[in-house]
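In mature numbering (1 follows the signal peptide of the UniProt record, and there is no 0), the protein residues as written are -22 to -1, 1 to 457.
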């Protein structure tokens, strides 16, 4: 998300010092869309690899009781998720994790219609879904209103049923908000949480005979006062550090608009850099295990618009470039922000899903350096990311969030090109809530997708000419 005007390169273009070994590009077209900007990449200098399971989804735990949604019979949903990547991570948690209880002692549902109780039947259904999908799970257990013994019993059953499909256990959800949301006393602190968490950790570790692995602290924020302390104290107990991120909120705030969704978050790079550095110092990875545009379910006219697709695509690449291990977009059976709105017979895909789908076109490889040789002011509404794909192609993803100006670009690769093609992520407008296409096609309700169609780009020598329409994204493939 940067540009090569020298002083700015060190601040935003190279997002971190030593963490990202590439440069992503942020370009301004000043006042006129006619200005052509010159970018340069170098396919011989691959850097940071994007994890194969970077893409993730986050669901409320209360969708598991009854097995109505995440089950092997929901083949359209399985196909839709598989389109987002061969590998990925589903996180089960959210606020409802503290309101869903494990039936103890463990036993099958046997016709029970309890919607706030997990039975062994529900775990079997969910883990079978994971195995059919080929993704792994961060599995949340109730800390605020359960006991260590009961959660350990649930974890044991989940691990026995899911095997390697269970990546980590997550103890509680957003404990930094317990004191304010009534789940714990108003005096509840990080010290209290660490005491409670350790009791659960010890019980689960013992019950699973040391087979379980853990992530945490699953905090809503409070980076310095909660996250950093927890990671430092528990670095030998967790295999993954997690925190949550929402761009804006609550939905009732008048500042929650499409314009502000697409604007740069001045704290994002700094906070993510801090979190990644803390995790690396502990010898582990950092993942944003729950994120989206607007907390408390999203906002109609913002979270469910095409703008969210462009924001989500840009957000994924920004975090990947910083060394974040992955992101999990939150959603489920409701909320305006759900990328996949679940139903018992399938799912409805929202614009954000297509941003995630577009990410898959250019993410399977290692970042390449990009530099801007055209002087000019910075436009936070345009960004570009270069990746050397494992198949030998160079993928450049352009995200043009500018509502009025096309981006005209001359790209140099330093080596002669034999082919140059492109595809686009488009909709009628930034505020469109449907009709999103990637490569001229949409995913059908049965989960099938014709695939993105690519067209040719004018090129000669090591150069290619690109014009990225306003309010769109484009992926070009170079060889």
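C-beta atoms are modelled at their ideal positions from N, C-alpha and C, and glycine is treated no differently.
For clarity, every value in this text was computed on a predicted model and none was experimentally measured.
So, does the segment 171 to 178 touch the segment 120 to 129, judging by three or more C-beta pairs under 8 Å?
Touching, yes.
Measure the C-alpha to C-alpha separation of residue 439 and residue 432 and round it to an integer number of angstroms.
Whole-angstrom Cα-Cα distance: 21 Å.
Which ranges would you report for the beta strand (DSSP E) in the segment 293 to 348 if only whole runs of at least 3 residues count?
304 to 309, 318 to 321, 324 to 327 and 343 to 346, all fully within the segment 293 to 348.
Put residue 26 into one of helix, strand or coil per three-state DSSP.
The answer is coil: DSSP assigns residue 26 none of H, G, I, E or B.
Quick one: grab the DSSP three-state call for residue 276.
Note: residue 276 maps to coil in three-state DSSP.
Going along the chain, which residues of its own chain have a beta-carbon closer than 6 Å to the beta-carbon of residue 266, five neighbours each way excluded?
Same-chain partners within the cutoff: 223 and 305.
If we ignore side chains and look at the alpha-carbon of each, how far apart do residue 290 and residue 18 end up?
For residue 290 and residue 18, the distance between alpha carbons rounds to 25 Å.
Could you check what DSSP says for residue 32 in three-state terms: helix, strand or coil?
Here residue 32 sits in coil by DSSP.
Kindly indicate which three-state DSSP category residue 258 falls into: helix, strand or coil?
Correct three-state label for residue 258: helix.
Assess contact between the segment 59 to 69 and the segment 31 to 46, defined as three or more Cβ pairs (one per stretch) separated by less than 8 Å. Is contact present?
Taking 8 Å as the limit for Cβ pairs, the verdict is that the segment 31 to 46 does touch the segment 59 to 69.
Threshold first: 3 residues or longer. Then list the beta strand (DSSP E) segments lying entirely within the segment 65 to 117, N to C.
Counting only runs of 3 or more, we get 67 to 71.
Answer yes if the segment 192 to 203 comes into contact with the segment 219 to 236, meaning at least three C-beta pairs across the two stretches below 8 Å, and no otherwise.
The segment 219 to 236 vs the segment 192 to 203: in contact.
To the nearest angstrom, how far is the alpha carbon of residue 436 from that of residue 365?
Each residue's alpha carbon lies about 20 Å from the other.
Work out the CA separation of residue 58 and residue 85 for me, nearest whole Å.
Cα-Cα distance, rounded: 32 Å.
Considering only their Cβ atoms, is the gap separating residue 44 from residue 94 smaller than 8 Å?
Their beta carbons are not under 8 Å apart, which means residue 94 does not touch residue 44 by this criterion.
Just to confirm, are residue 116 and residue 145 a CB contact at a threshold of 8 Å?
Cβ atoms of residue 116 and residue 145: closer than 8 Å.
Return the bridge partner residues of residue 263 from the DSSP annotation.
Answer is 218, bridged to residue 263.
Which value, in whole angstroms, describes the spacing of the CA atoms of residue 269 and residue 307?
Going by the C-alpha atoms only, they are around 5 Å apart.
How many angstroms separate the CA atom of residue 23 from the CA atom of residue 367?
Roughly 12 Å between the two C-alpha positions.
Quick check on residue 402: buried or exposed, where buried means 16 or more other Cβ atoms within 10 Å of its Cβ?
It counts as buried.
Put residue 368 into one of helix, strand or coil per three-state DSSP.
Residue 368: coil per DSSP, three-state reduction.
From the DSSP output, which residues share a beta bridge with residue 451?
According to DSSP, which records beta bridges pairwise, residue 451 is partnered with 377 and 403.
Please classify residue 127: is it buried, with 16 or more other beta-carbons within 10 angstroms of its beta-carbon, or exposed?
Exposed, because fewer than 16 other Cβ atoms sit within 10 Å of the Cβ of residue 127.
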